[in-house]
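Undergrad:
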């Protein structure tokens, strides 16, 4: 076993709003109820519960009312289901089918609840990892497609435009990105460099959707002209890169042990000549990723200072949006450190809150 250290990312970031866990038990109970109704293997039900989705919502949106957090948890359940349905052992074709179903539920163009038919031919309870696509016994269990349909329907009745249309658009990007990742998985000869990877990762990390939910919670009705301005888009991308770099650092241990670390910044850094690392220098890859995180943060701070003028009212909204996104970055890092999913179990409210040591 070799020991590795991830530097403290939280110490690089501004102080955040203190999150309270007062609603966690209520939200977790609701999550468990939904998961237990879903026709999934026991292994996957346990994995979903270990993700501690309510805690992610509480950390990402500190101080938010329970009514908003419930919707955020519903969204995250749907997104986590999509992630698993398109992951191994799904083929690229199966992942594409699930991505299409997911997109159509968000667009409200699909009425049925049955998952891809070909998957039903062999995915049974004997499969230890992959959920069965569809169950005919809806009195006790629901297939993932039925769960996603229910969640998207409830969300669309609660989240109104302009926030809902943005969430739909960004979930289409998410589904397409996950389907593309499955294609890459089937073609191991096509290797990405670091620059390409970080661009692709922006569509699969799921950060844009959290930003949409944050604007909805805080009623930040920023005009489309401002949101689509190249400088605002660039600022959003920098926040997304912070989230994806941090996630790749904290998820690497889990992915490595599962032999599933191909789509990870650390893995690519070990083979990309621009990183100038020995192929087995994992600590070097960790340090390189940390340095990239710090560089993106510096670029982001500069980007904020040079934003164009949008008018007093709009600039106030943009400033609130900046700090909303910063809270999401901090919250997702805190969740990554605390949750069972990645196995670091760090007390982020204690001293040396973000310092992580792990063995491989």
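Numbering (my numbering), first residue to last: 1 to 360. Every residue, glycine too, gets a C-beta built ideally from N, C-alpha and C.
#1: What residues in its chain sit with their C-beta under 7 Å from that of residue 184, if we drop five residues either side in the sequence?
#2: Just list the residues that DSSP pairs residue 5 with in beta bridges.
#3: Label residue 6 either buried or exposed according to how many other C-beta atoms from any shown protein chain fall within 10 Å of its C-beta, with 16 as the threshold for buried.
#4: Going by beta-carbon coordinates alone, are residue 80 and residue 253 separated by less than 8 Å?
#5: Roughly how many angstroms separate the alpha carbons of residue 335 and residue 48, rounded to a whole number?
#6: Just checking my contact of residue 304 with residue 322 at CB under 8 Å: how many whole Å lie between their CB atoms?
#7: According to DSSP, is residue 12 part of a helix, a strand, or is it coil?
#8: Sort 34, 43 and 51 by Cα distance to residue 344 and report the nearest one.
#9: Of the residues 25, 247, 231 and 302, which one's Cα is nearest the Cα of residue 328?
#10: What is the residue span of the alpha helix (DSSP H) that residue 184 lies within?
#11: In three-state terms, what does DSSP make of residue 342?
#12: Apply the 10 Å Cβ neighbour rule to residue 1 and answer buried if 16 or more other Cβ atoms are within range, or exposed otherwise.
#13: For residue 322, name the three-state secondary structure that DSSP assigns.
#14: Is it right to say residue 171 is buried, meaning 16 or more other beta carbons lie within 10 angstroms of its own, or is it exposed?
#15: Determine, using beta carbons only, whether residue 296 and residue 231 come nearer to each other than 8 Å.
#16: Let me make sure I understand the geometry here. Which of 249, 209, 285 and 28 has the alpha-carbon closest to that of residue 163?
#17: Output the boundary residues of the alpha helix (DSSP H) element that contains residue 82.
#18: Would you report the Cα separation of residue 233 and residue 300, rounded to the nearest angstrom?
#19: Put residue 305 into one of helix, strand or coil per three-state DSSP.
#20: Would you report the Cα separation of residue 275 and residue 283, rounded to the nearest angstrom?
#21: Near residue 341, what residues of its chain come up, given a Cβ to Cβ distance below 6 Å and the 5 sequence neighbours on each side ignored?
#22: Please classify residue 360 as buried or exposed, where buried requires at least 16 neighbouring CB atoms within 10 angstroms.
#23: Over the uninterrupted alpha helix (DSSP H) stretch that includes residue 97, give me the two end residues.
#24: Would you call residue 289 buried or exposed, if buried means 16 or more other Cβ atoms sit within 10 Å of its Cβ?
#25: Taking 7 Å as the limit between beta carbons, can you name the residues of its chain near residue 166, skipping five residues before and five after?
#26: Alpha carbon to alpha carbon, how far is residue 317 from residue 13?
#27: Within 10 angstroms of its Cβ, does residue 46 collect 16 or more other Cβ (buried), or is it exposed?
#28: Quick one, which of 306, 255 and 60 has its alpha-carbon nearest residue 333's?
#29: Starting from residue 249, follow the alpha helix (DSSP H) in both directions and report where the run begins and ends.
#30: Cβ atoms of residue 57 and residue 38: under 8 Å apart, would you say?
#31: Can you tell me whether residue 238 is buried or exposed, with buried defined as 16 or more other CB within 10 angstroms of its CB?
#32: By DSSP, does residue 214 sit in helix, in strand, or in coil?
#33: I think residue 105 touches residue 148, with their Cβ atoms under 8 Å apart; what is that distance to the nearest whole Å?
TA: Result, derived from the coordinates:
#1: Looking up residue 184 in the chain shown gives position 184. Same-chain partners within the cutoff: 190.
#2: On the chain shown, position 5 is the one that residue 5 refers to. 357.
#3: Against the chain shown, residue 6 aligns to sequence position 6. Residue 6 comes out buried.
#4: Residue 80 sits at position 80 when you count from the first residue of the chain shown. Residue 253 sits at position 253 when you count from the first residue of the chain shown. For residue 80 and residue 253, no; Cβs fall outside 8 Å.
#5: Here residue 335 corresponds to residue number 335 of the chain shown, with the count starting at 1. Here residue 48 corresponds to residue number 48 of the chain shown, with the count starting at 1. Each residue's alpha carbon lies about 14 Å from the other.
#6: Locating residue 304 in the chain shown gives position 304, counting from the first residue. Locating residue 322 in the chain shown gives position 322, counting from the first residue. Confirmed, Cβ separation roughly 6 Å.
#7: Against the chain shown, residue 12 aligns to sequence position 12. In this structure, residue 12 counts as helix in the three-state DSSP scheme.
#8: Here the question's residue 344 lines up with position 344 in the chain shown. Nearest of 34, 43 and 51 to residue 344, Cα basis: 51.
#9: Along the chain shown, one-based indexing puts residue 328 at 328. Looking at the Cα atoms, 247 is the closest of the given residues.
#10: In the chain shown, residue 184 corresponds to position 184, counting from 1. From DSSP, the alpha helix (DSSP H) with residue 184 extends over 163-186.
#11: Your numbering for residue 342 matches position 342 in the chain shown. Residue 342: coil per DSSP, three-state reduction.
#12: Start at 1 with the first residue of the chain shown, and residue 1 comes out as number 1. Looking at its Cβ environment, which holds fewer than 16 other Cβ atoms inside 10 Å, residue 1 is exposed.
#13: Residue numbering aside, residue 322 sits at position 322 when the chain shown is read from its first letter. Reduced to three states, the DSSP call for residue 322 is helix.
#14: For the purposes of this step, residue 171 is taken as residue 171 along the chain shown, with counting starting at 1. Buried, by the Cβ-count rule.
#15: Here residue 296 is taken as the residue at index 296 of the chain shown, counted from 1. Here residue 231 is taken as the residue at index 231 of the chain shown, counted from 1. The answer is no: Cβ separation not under 8 Å.
#16: To locate residue 163, count along the chain shown from 1; it is residue 163. Of 249, 209, 285 and 28, the residue nearest in Cα terms is 209.
#17: On the chain shown, position 82 is the one that residue 82 refers to. 66-85 is the span of the alpha helix (DSSP H), which, as asked, contains residue 82.
#18: Counting from 1 along the chain shown, the entry for residue 233 is found at position 233. Counting from 1 along the chain shown, the entry for residue 300 is found at position 300. Their backbone Cα atoms lie some 12 Å apart in a straight line.
#19: Against the chain shown, residue 305 aligns to sequence position 305. It is helical.
#20: Residue 275 sits at position 275 when you count from the first residue of the chain shown. Residue 283 sits at position 283 when you count from the first residue of the chain shown. Rounded to whole angstroms, residue 275 to residue 283 spans 13 Å at the Cα level.
#21: Translated into positions along the chain shown, residue 341 becomes position 341. Only 50 and 51 meet the Cβ criterion.
#22: As a working mapping, residue 360 is identified with position 360 in the chain shown. Flag for residue 360 reads exposed.
#23: Sequence index remark: in the chain shown, residue 97 carries index 97 (1-based). Start and end: 92-107.
#24: Residue numbering aside, residue 289 sits at position 289 when the chain shown is read from its first letter. So residue 289 ends up on the buried side.
#25: One-based indexing of the chain shown puts residue 166 at position 166. Once the five neighbours on either side are set aside, the close Cβ partners of residue 166 are 212.
#26: Along the chain shown, one-based indexing puts residue 317 at 317. Along the chain shown, one-based indexing puts residue 13 at 13. Approximately 21 Å between the Cα atoms of the pair.
#27: For the purposes of this step, residue 46 is taken as the residue at position 46 of the chain shown. Counting Cβ neighbours within 10 Å, residue 46 comes out exposed, since fewer than 16 surround it.
#28: Residue mapping note: residue 333 aligns to position 333 of the chain shown, counting from 1. Comparing Cα positions, the closest option is 60.
#29: Here residue 249 refers to the residue found at position 249 when the chain shown is read from its first residue. 230-257 is the span of the alpha helix (DSSP H), which, as asked, contains residue 249.
#30: Mapped onto the chain shown, residue 38 falls at position 38. Mapped onto the chain shown, residue 57 falls at position 57. No, these two residues do not count as a Cβ contact at 8 Å.
#31: For the purposes of this step, residue 238 is taken as residue 238 along the chain shown, with counting starting at 1. By the neighbour-count rule (16 or more Cβ atoms within 10 Å), residue 238 is buried.
#32: Position 214 of the chain shown, counting from 1, holds the residue named residue 214. In the structure shown, residue 214 sits in a helix (DSSP, three-state: H, G or I).
#33: As a working mapping, residue 105 is identified with position 105 in the chain shown. As a working mapping, residue 148 is identified with position 148 in the chain shown. Between residue 148 and residue 105 the Cβ distance is about 6 Å, and since that is below 8 Å, they are a contact.
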